[in-house]
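Colleague: 1048 is the number of the first residue of the sequence shown in this note's numbering; add one for each residue after it.
Glycine residues also receive a C-beta, built at the ideal position from the N, C-alpha and C atoms.
Quick one: structure below, then a few questions.
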Amino acid sequence: MRLTQKSKYAVRALMELALDECGSPLGVTELARRQRIPERFLEQIFGDLRRAKILHSHRGARGGFCFAVSPEEVTILDVVEVLDGEIRPARCSAGGQCYIADAPLCVTSKIWDEAREALEGVFGRYTIAQVAAAERASRADHAARAGSDTPETPETQSPFASSLR
1048 MRLTQKSKYA
1058 VRALMELALD
1068 ECGSPLGVTE
1078 LARRQRIPER
1088 FLEQIFGDLR
1098 RAKILHSHRG
1108 ARGGFCFAVS
1118 PEEVTILDVV
1128 EVLDGEIRPA
1138 RCSAGGQCYI
1148 ADAPLCVTSK
1158 IWDEAREALE
1168 GVFGRYTIAQ
1178 VAAAERASRA
1188 DHAARAGSDT
1198 PETPETQSPF
1208 ASSLR
């Protein structure tokens, strides 16, 4: 299973939307600029997220998008499933149809199910609010380091480094 660029862009754009503290809707043009995402592609992505009731759109000169639900309630898994569908590393995982004649004898389906459960666990563990908080901390750390001689290490570059240890 491979995540599409759609999901990756969506998480970044939703993170940026959650970081915005002014409370008013943000336009796709601004979000696309901030995250260097193709604007037309982001429009399509946000259309899907609006139809899934994750986002709400506002029309007009001050229009744009805002969350329809709290970013604390939206997981990365929610976003991936809206944009890429159900996580299935193999056709036979999650109760899908097996292409092997003796499917009950297929031991690899257990491996694919375990992989699916692991991905769902990781993606379901992180909310957009958590990603935004980690990004906010990372940006603050980067700004603080910009004036110092301390080199960045892989641990300080990743906003989730502490949760990965």
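Apart from the five residues on each side of it in sequence, which residues of its chain come closer than 7 Å, Cβ to Cβ, to Arg1183?
Modeller: These residues qualify, in order along the chain: Leu1066.
Colleague: Please classify Gly1107 as buried or exposed, where buried requires at least 16 neighbouring CB atoms within 10 angstroms.
Modeller: exposed
Colleague: Put Glu1202 into one of helix, strand or coil per three-state DSSP.
Modeller: With a pLDDT of 48 at Glu1202, under the threshold of 50, the predicted position of this residue should be treated as unreliable, and no value is reported.
Colleague: Take Leu1061 as the anchor and find which of Leu1050, His1105, Asp1125 and Arg1109 has the nearest alpha-carbon.
Modeller: Asp1125
Colleague: What separation, rounded to the nearest whole angstrom, lies between the Cα atoms of Leu1064 and Leu1130?
Modeller: Taking the CA atoms as reference points, Leu1064 sits about 18 Å from Leu1130.
Colleague: Under the DSSP definition of a beta bridge, which residues are partnered with Cys1113?
Modeller: His1103
Colleague: At a cut of 8 Å, does the region 1072-1080 reach the region 1091-1110 through at least three beta carbon pairs?
Modeller: yes
Colleague: Just how far apart, CA to CA, sit Ile1101 and Phe1088?
Modeller: 17 Å
Colleague: Could you check the C-alpha separation between Ala1181 and Val1058 for me, to the nearest Å?
Modeller: 13 Å
Colleague: Considering only the beta carbon of each residue, do Phe1093 and Val1127 sit closer than 8 Å?
Modeller: No, the pair does not count as a contact, with Cβ atoms beyond the cut-off.
Colleague: Please state the DSSP three-state secondary structure of Thr1051.
Modeller: coil
Colleague: Measuring only the C-alpha atoms, how far is Arg1212 from Tyr1173?
Modeller: Residue placement at Arg1212 is poorly supported in this model, since its pLDDT is 38, which falls under 50; the coordinates still yield a value, given next. The straight-line gap from Cα to Cα measures roughly 16 Å.
Colleague: Can the beta-carbon of Pro1118 be found closer than 8 Å to that of Ala1190?
Modeller: no
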